[in-house]
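Mapping of the sequence shown onto our numbering: residues 83 to 569, in sequence order.
Glycine included, each C-beta is placed from N, C-alpha and C at the ideal position.
Note that this is a predicted model, so its numbers are computed, not measured.
To start, the structure itself, in structure tokens.
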Amino acid sequence: MNSEIKNLEPKAVWKNFADLNTVPRPSKKEERVIAFIVDFGKKLKLETVVDPVGNVIIKKRATAGFENRKTIVMQSHLDMVHQKNSDTDFDFDTQGIEMYVDGDWVTAKGTTLGADNGLGVAAIMSVLESTTIAHPAIEALFTIDEETGMTGAMGLEAGYLDGEILLNLDTEEDDEIGMGCAGGIDVTAKRSYSEEAISENTLAFTISVNGLNGGHSGMDIHKGLGNANKIMNRILFDGFENFGLRVSEINGGSLRNAIPRESEATVVIDTVSKEPFFFEMNELINSIYAEFKTIEPNLSIEISEVNPPEKVMELGVQEGFIKSVYATLNGVYRMSPDIKDLVETSNNIAKVVVKDGEILVNCLTRSSSESNKIDLANSIRAAFELAGFDVTFSGEYPGWLPNINSEILKILDNLYEKLHGEKAKIAACHAGLECGILGQNYPEMDMVSFGPTILGAHSPDERASISSTQKIWKFLQEILKNIPKKE
């Protein structure tokens with residue numbers, strides 16, 4: 083499989099991507115990929131440094147004739163989102179990604195591909211090892227833990243970089259040049275509950291929600307995709323209201339930055355309610371199918387009878403919990419009043435776990451407006467605190483404010499039109515790029531973002547366009563030749 087990938091054009095990029103994808107690189111467990119990149123830099127006899135948090139910086143001198151150009155920082159993140167289909171047997175901690183070619187796309191067998199942001203890493207590696215590409219002095223910055231906290235970017239101290247221009251290779255549409263992004267904050271709601279023994283004459287069921295598309299909780303949040311946690315809660319609410327349904331366990335979703343695709347709950351009802359319960363649930367499930375038939379054609383909701391559990395959640399806590407999740411917004415909160423079609427503020431109810439007397443709800447709130455980010459986070463906090471939850475905010479990071487006077491933005495805009503005969507989209511995105519964070523310690527650095535087309539990021543449907551990668555590789559080389567002179 084890797085040999086098939088390595089024969090794609092541009093061979094340098096796909097070779098490095100295939101090599102990178104043999105290295106397990108989950109967020110917060112990047113030791114192996116850090117060692118991989120350090121070894122890569124040292125084999126090239128380039129200055130290679132690992133900072134205290136684990137970011138890797140590799141420096142390469144300018145090629146002949148480009149010594150008087152501004153030093154550039156080329157930046158991508160080493161970690162990747164780990165998502166797999168429920169029927170896929172795969173261990174992200176020990177296995178390399180299994181890739182294959184499907185027409186114009188490279189994709190993976192039942193897992194995320196890691197093109198986000200592995201193709202950016204591979205492109206930077208290809209420039210570093212090239213002996214023919216003309217370029218100014220380069221500082222290659224490979225950050226860690228972008229996907230679950232951006233702690234790499236946050237931990238990068240002033241003084242490690244001298245570059246005046248930063249090229250971030252983490253945009254996922256090849257006709258777009260990024261000039262800004264949303265900030266984010268993690269909202270976590272927790273509470274404990276007493277467990278109650280189930281009464282006699284009860285029946286137990288598992289309710290399973292699966293087959294959803296999932297996707298990036300920023301870039302895909304406006305598409306109206308199904309959220310497994312919200313769909314599950316809707317079913318639980320109806321069952322509780324009409325039949326006194328009791329919850330034993332719930333396990334839904336995983337990472338904050340991925341729209342949840344699956345959820346499973348174990349519930350109990352009175353035996354006498356079995357027939358009307360199934361009738362009501364069938365009506366509700368068919369309604370949900372009808373709502374999502376266009377955008378979620380593979381959605382599956384199944385209810386299966388199982389052996390009764392020993393205990394369920396105490397009644398009062400259950401009512402507050404279900405109503406809190408129902409009241410919590412999932413999706414778009416506000417569109418940008420300044421940039422057409424840009425989501426300004428949103429929330430993703432990413433993970434819901436109920437087990438052994440503990441409830442955990444994880445959300446990721448994003449916004450390009452700091453005030454609206456906190457406003458929505460406080461709204462979620464209020465909904466859960468009214469039900470007795472402890473709510474904490476963490477992992478907050480700033481957005482990247484657009485600079486319409488950016489010199490490097492104008493250069494890329496003109497180059498794109500020259501190469502393709504049409505204007506690129508100059509846009510801010512509703513994802514968390516690291517530029518805003520990096521700009522805190524490097525406020526004078528001129529930044530821009532671009533990259534090849536990647537669809538389905540943060541889901542097992544992730545795929546990267548081969549022709550788009552060729553397009554961006556050519557674009558990148560032209561950018562390197564057109565970096566302005568030092569002042």
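Report the rounded CA-to-CA distance for Lys312 versus Met261, giving the unit in angstroms.
-> 33 Å
Answer yes if the region 186-195 comes into contact with the region 157-170, meaning at least three C-beta pairs across the two stretches below 8 Å, and no otherwise.
-> yes
Short check: CB of Cys263 to CB of Gly521, under 7 Å?
-> no
Runs of beta strand (DSSP E) wholly within the region 268-344 (minimum 3 residues, chain order) = 277-279, 284-292, 328-335
Does DSSP put Tyr479 in a helix, a strand or coil?
-> Looking at Tyr479 - three-state DSSP - the assignment turns out to be strand.
Tell me where the alpha helix (DSSP H) around Ile493 begins and ends.
-> 489-502
Between Ile332 and Val407, is the Cβ-Cβ spacing less than 7 Å?
-> no
Count the other CB atoms, across all protein chains shown, that sit within 10 Å of the CB of Val203; report buried if there are 16 or more and exposed otherwise.
-> buried
Kindly indicate the opening and closing residues of the alpha helix (DSSP H) around Arg114.
-> 113-125
Could you spell out the range, first to last residue, of the beta strand (DSSP E) harbouring Glu129?
-> That run of the beta strand (DSSP E) goes 129-132.
Closest to Leu446 by CA distance: which of Asp198, Ile267, Leu126, Thr225 is it?
-> Ile267
Under 7 Å between the Cβ atoms of Asn564 and Ile493?
-> yes
Opposite Cys511 in the DSSP bridges: which residues?
-> Cys263
Verify whether the separation of the beta carbon atoms of Glu112 and Asp175 is less than 7 Å.
-> no
What whole-angstrom Cβ distance do Met301 and Cys511 have, given they're in contact under 8 Å?
-> 7 Å
Decide if Gly297 is buried, meaning its Cβ has at least 16 other Cβ atoms within 10 Å, or exposed.
-> buried
With 16 other CB atoms within 10 Å as the buried threshold, where does Leu468 fall?
-> Exposed is the call here.
Closer than 8 Å by C-beta to Lys29: which residues in its own chain qualify, once you throw out the five before and the five after it? Chain order, please.
-> For residue 29 there is no data in the structure shown, the boundaries of the chain being 83 and 569.
In chain order, what residues of the same chain have a beta carbon less than 8 Å from the beta carbon of Val414, not counting five sequence neighbours either side?
-> Answer for Val414: Ile303, His304, Val425, Thr427, Ser428, listed in chain order.
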